[in-house]
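Each step along the sequence shown adds one to the number in the numbering used here, with nothing skipped, and position 59 is 325.
Idealized CB from N, CA, C, for every residue including glycine.
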Amino acid sequence: IKIDVEPLPDGHYLIDSSDIKKTIQRSFAFEWTGQQIGLLNIERLERVLEEDPFIFSADVFINAKNKIHIKIRQREPVLRIIDDNGLHYYIDIDGNKMPLSKHFSARVMVATGSLPPHVPGFLDRKKHLLKDVFLLSRYIEEDRFLRTLIEQIYVSNGKILLAPKIGSHKIILGSMDGIEEKFKRLRLFYDEVTPYEGWRRYRTVNLSYKGQIVCEKR
267 IKIDVEPLPD
277 GHYLIDSSDI
287 KKTIQRSFAF
297 EWTGQQIGLL
307 NIERLERVLE
317 EDPFIFSADV
327 FINAKNKIHI
337 KIRQREPVLR
347 IIDDNGLHYY
357 IDIDGNKMPL
367 SKHFSARVMV
377 ATGSLPPHVP
387 GFLDRKKHLL
397 KDVFLLSRYI
407 EEDRFLRTLI
417 EQIYVSNGKI
427 LLAPKIGSHK
437 IILGSMDGIE
447 EKFKRLRLFY
457 DEVTPYEGWR
467 RYRTVNLSYK
477 GQIVCEKR
């Protein structure tokens with residue numbers, strides 16, 4: 267059996283060939299190596315592998331030399347959740363829940379605090395706090411300025427706060443309502459205020475009031 271795991275965009279692996287072999291051994295009552303080709307159910311093997319939370323897709327085929335080739339595409343984590351109930355997991359780019367990997371800790375946005383539990387299809391719900399946090403993490407990742415600035419998302423009493431990489435202040439976002447306008451105000455704060463006041467002068471930068479930036483000094 268030849269196993270090829272495609273690396274994540276950053277070149278790392280959350281699963282390796284030994285994990286794939288263990289899954290096969292655990293799921294089938296016989297060794298695939300040495301078996302007659304007619305006894306091997308390729309489609310079932312693909313289904314079994316794709317049930318693994320780290321695997322996005324599995325392509326299995328037998329070549330002309332009777333060797334089994336398994337090509338694995340990993341799920342790509344984009345958000346790490348550490349909630350107040352002690353649950354630690356990733357959410358992939360499609361909103362699926364993933365466990366932590368023993369091989370590598372993905373360097374992705376972290377969300378902490380009083381978060382609701384992950385439920386399948388949460389992205390399809392009209393209102394869901396975890397959906398807001400997920401969409402916010404994608405918004406930050408796709409904006410060069412925010413991606414450089416924001417280190418962590420924190421949820422407290424249903425309100426969203428952001429922890430920047432520079433300084434010790436907290437950014438109070440409130441809700442996702444008017445998110446684009448809020449971040450325009452935040453950019454204005456960093457462009458116009460911090461060059462004169464410095465990074466350490468404020469405890470909080472509050473964007474939850476419409477059209478305003480309300481700062482609390484230390």
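Original post:
Under the three-state reduction of DSSP, which class applies to Glu447: helix, strand or coil?
Top reply: The residue you call residue 447 lines up with position 181 of the sequence shown. Reduced to three states, the DSSP call for Glu447 is helix.
**OP:** Per DSSP, which residues does Tyr420 bridge with? Please list them.
**Re:** As a working mapping, residue 420 is identified with position 154 in the sequence shown. Answer is Thr378 and Leu427, bridged to Tyr420.
Original post:
In the DSSP assignment, what residue or residues form a beta bridge with Gln301?
Top reply: Here the question's residue 301 lines up with position 35 in the sequence shown. In DSSP, Gln301 forms no bridge with anything.
Original post:
How big is the Cα-Cα spacing for Leu311 and Ile290?
Top reply: Residue 311 sits at position 45 when you count from the first residue of the sequence shown. Residue 290 sits at position 24 when you count from the first residue of the sequence shown. Using only the alpha carbons, I get a separation of about 8 Å.
Original post:
When you compare only the Cα positions, how much space is there between Arg404 and Asp350?
Top reply: Counted from its first residue, the sequence shown places residue 404 at position 138. Counted from its first residue, the sequence shown places residue 350 at position 84. Going by the C-alpha atoms only, they are around 22 Å apart.
Original post:
Thinking just about the alpha-carbon of each residue, which of Pro365, Ile303 and Leu280 is nearest to the one in Ile338?
Top reply: Within the sequence shown, residue 338 is the residue found at index 72, counting from 1. The shortest Cα separation from Ile338 among Pro365, Ile303 and Leu280 belongs to Leu280.
Subject >> Nearest neighbour of Leu345, chosen from His435, His384 and Asp318 [CA to CA] >> reply: Numbered from its first residue, the sequence shown carries residue 345 at position 79. It is His384 whose Cα lies nearest to the Cα of Leu345.
Original post:
With burial defined as no fewer than 16 other Cβ atoms inside 10 Å of the residue's Cβ, what is the status of Ser367: buried or exposed?
Top reply: For this step, residue 367 is matched to residue 101 along the sequence shown. Classification for Ser367: buried.
Subject >> Given Gly352 as reference, the closest of Ser474, Glu482 and Thr378 once Cα atoms are compared >> reply: Taking the first residue of the sequence shown as 1, we reach residue 352 at position 86. Comparing Cα positions, the closest option is Thr378.
Original post:
Buried or exposed: Lys448, going by 16 or more other Cβ atoms within 10 Å of its Cβ?
Top reply: Along the sequence shown, one-based indexing puts residue 448 at 182. So Lys448 counts as buried.
Original post:
With C-beta atoms as the reference, is Lys483 less than 8 Å away from Arg469?
Top reply: Along the sequence shown, one-based indexing puts residue 483 at 217. Along the sequence shown, one-based indexing puts residue 469 at 203. Going by C-beta atoms, Lys483 is nearer than 8 Å to Arg469.
Original post:
Taking the alpha-carbon positions, what's the Pro461 to Phe455 distance?
Top reply: Numbered from 1 along the sequence shown, position 195 holds the residue referred to as residue 461. Numbered from 1 along the sequence shown, position 189 holds the residue referred to as residue 455. Taking the straight line joining both Cα atoms gives about 9 Å.
Original post:
What separation, rounded to the nearest whole angstrom, lies between the Cα atoms of Arg467 and Thr414?
Top reply: Position 201 of the sequence shown, counting from 1, holds the residue named residue 467. Position 148 of the sequence shown, counting from 1, holds the residue named residue 414. Distance between the alpha carbons of Arg467 and Thr414 is about 21 Å.
Original post:
For Met375, which residues from the same chain have a beta carbon less than 6 Å from its beta carbon, with the 5 sequence-adjacent residues on both sides left out?
Top reply: Translated into the one-based positions of the sequence shown, residue 375 becomes position 109. Answer for Met375: Leu345 and Ser403, listed in chain order.
Original post:
Buried or exposed: Ala324, going by 16 or more other Cβ atoms within 10 Å of its Cβ?
Top reply: Mapped onto the sequence shown, residue 324 falls at position 58. Buried, because 16 or more other Cβ atoms sit within 10 Å of the Cβ of Ala324.
Original post:
Taking all protein chains shown into account, do 16 or more other C-beta atoms lie within 10 angstroms of the C-beta of His435, making it buried, or fewer, making it exposed?
Top reply: By one-based count along the sequence shown, residue 435 stands at place 169. By the neighbour-count rule (16 or more Cβ atoms within 10 Å), His435 is buried.
Subject >> Contact under 8 Å by Cβ, Ser284 with Val314 >> reply: For this step, residue 284 is matched to residue 18 along the sequence shown. For this step, residue 314 is matched to residue 48 along the sequence shown. No, the pair does not count as a contact, with Cβ atoms beyond the cut-off.
Subject >> Pro365 classed as buried or exposed, judged by whether at least 16 other C-beta atoms fall within 10 angstroms >> reply: Position 99 of the sequence shown, counted from the first residue, corresponds to residue 365. That one is exposed.
Original post:
Taking 7 Å as the cut-off, does the CB of Glu408 come closer than this to any heavy atom belonging to the ligand ATP?
Top reply: The model on display carries no ligand, and the ligand ATP is accordingly not part of it.
Subject >> Three-state secondary structure (DSSP) of Lys392 >> reply: Taking the sequence shown and counting its residues from 1, one reaches residue 392 at position 126. Here Lys392 sits in coil by DSSP.
Original post:
Mapping DSSP to helix, strand and coil, what is Tyr475?
Top reply: Working through the sequence shown from its first residue, we reach residue 475 at position 209. Three-state DSSP puts Tyr475 in coil, outside helix and strand.
Subject >> Spatial neighbours of Ile406 in its chain, beta-carbon cut-off 7 Å, leaving aside the 5 residues before and after >> reply: Stepping through the sequence shown from its first residue, residue 406 is reached at position 140. Only Met375, Leu412, Arg413 and Ile416 meet the Cβ criterion.
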